[in-house]
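Numbering (our numbering), first residue to last: 1293 to 1373.
Heads up: the structure comes next, in structure tokens.
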């Protein structure tokens, strides 16, 4: 049973590591989009734009957190062996 778990870890570790790096990179682009949307909202404030801004900011933070945790978990499995 331990061998199967070790095989699963060795299979999932690079996927988590590089997937987490990819999600973190995508979140940086989402933060740029959030900044552009913030500028649009500041120059022309409307409720619809504020709601879009909150959605975009929430998605950006979620991608950053999930990507960071996934990367840390994958790195821990890679270097923990």
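Each residue gets a CB set at the ideal place from its N, CA and C atoms; glycine is no exception.
Report buried or exposed for residue i, applying the criterion of at least 16 other Cβ atoms within 10 angstroms of its Cβ.
| i | result |
| --- | --- |
| residue 1350 | exposed |
| residue 1319 | buried |
| residue 1309 | buried |
| residue 1317 | exposed |
| residue 1366 | buried |
| residue 1295 | exposed |
| residue 1302 | exposed |
| residue 1322 | buried |
Measure the Cβ-Cβ separation of residue i and residue j and say whether it is below 8 Å.
| i | j | result |
| --- | --- | --- |
| residue 1315 | residue 1358 | yes |
| residue 1360 | residue 1312 | yes |
| residue 1335 | residue 1342 | no |
| residue 1345 | residue 1326 | yes |
Using 8 Å as the limit for Cβ to Cβ distance, is residue i near chain D?
| i | result |
| --- | --- |
| residue 1328 | Structure shown: chain D not included; a single protein chain is present. |
According to DSSP, is residue i helix, strand or coil?
| i | result |
| --- | --- |
| residue 1301 | helix |
| residue 1306 | helix |
| residue 1338 | coil |
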